[in-house]
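**Q** Mind looking over this structure? Questions follow.
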Amino acid sequence: MGVSLQPASSEDEMAQVSDINVTPFIDVILVLLIIFMIAAPLATVDIPVDLPASTAVRQPRPEKPIFITLKADRTLAVGETPISRMSLAASLASLTSSDHSKRLFVRADKTIPYGEVMTLMNDLRSAGYLKIALVGLESAGGAQSGEAAQ
3 MGVSLQPASS EDEMAQVSDI NVTPFIDVIL VLLIIFMIAA PLATVDIPVD LPASTAVRQP
63 RPEKPIFITL KADRTLAVGE TPISRMSLAA SLASLTSSDH SKRLFVRADK TIPYGEVMTL
123 MNDLRSAGYL KIALVGLESA GGAQSGEAAQ
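Residue numbers for the sequence shown follow our numbering, so the first one is 3 and each next one is one higher.
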């Protein structure tokens, strides 16, 4: 409770103020805001991959993209599900309902040799998927980028 420092009557007594003190409430809200600001970016990482940067113009993202991830240890994942190279075509066929016109987004760790990425792209082409996009990070150089279509 707050206290008013003005005299309440002719006597020398202090009167209590029964207004709500909102300072503790604001402190709690600010602490919660800081916690959510720190926790929100950490909750968006699905599969940790160190992507190389690109300077290409950003393309519009489809409503339900299909990501194929080649991790640093050379394992594959479709979406968030780890798969083997042998089951790549079957997994994509079941995910896309055998629609070979859908665009696939390939994410590869920047420590992966170029030949490994090309082998993955050849595997996708042999499975019948010709619309393949490479995913990268935006460079700090100023030009916006994100996905460079092949």
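Every residue gets a Cβ at the ideal spot worked out from N, C-alpha and C, and that includes glycine.
Per DSSP, what are the beta-bridge partners of Glu82 in this structure?
**A** Indexing the sequence shown from 1 puts residue 82 at position 80. Answer is none; Glu82 lacks a bridge partner.
**Q** Helix, strand or coil: which one does DSSP assign to Leu97?
**A** Reading the sequence shown from its first residue, position 95 is the one you call residue 97. Helix, per DSSP.
**Q** Have a look at Ala74, Lys73, Pro67, Ile85 and flag the residue whose alpha-carbon is nearest the alpha-carbon of Ser103.
**A** Stepping through the sequence shown from its first residue, residue 103 is reached at position 101. The shortest C-alpha separation from Ser103 is found at Pro67.
**Q** With DSSP run on the structure shown, which of helix, strand or coil describes Ala92?
**A** Translated into the one-based positions of the sequence shown, residue 92 becomes position 90. Of the three classes helix, strand and coil, the one that applies to Ala92 here is helix, per DSSP.
**Q** Excluding the 5 residues preceding and the 5 following Asp125 in the sequence, name in chain order all residues of the same chain whose CB lies nearer than 8 Å to its CB.
**A** Sequence index remark: in the sequence shown, residue 125 carries index 123 (1-based). Only Arg87, Leu90, Ala91 meet the Cβ criterion.
**Q** Rounding to the nearest angstrom, what Cα-Cα distance links Thr121 and Arg127 in this structure?
**A** Counting from 1 along the sequence shown, the entry for residue 121 is found at position 119. Counting from 1 along the sequence shown, the entry for residue 127 is found at position 125. In a straight line, the C-alpha of Thr121 is about 10 Å away from that of Arg127.
**Q** Select from Ser100, Arg109, Ala129, Val119 the residue whose C-alpha is nearest the C-alpha of Leu139.
**A** The residue you call residue 139 lines up with position 137 of the sequence shown. Answer by Cα proximity: Arg109.
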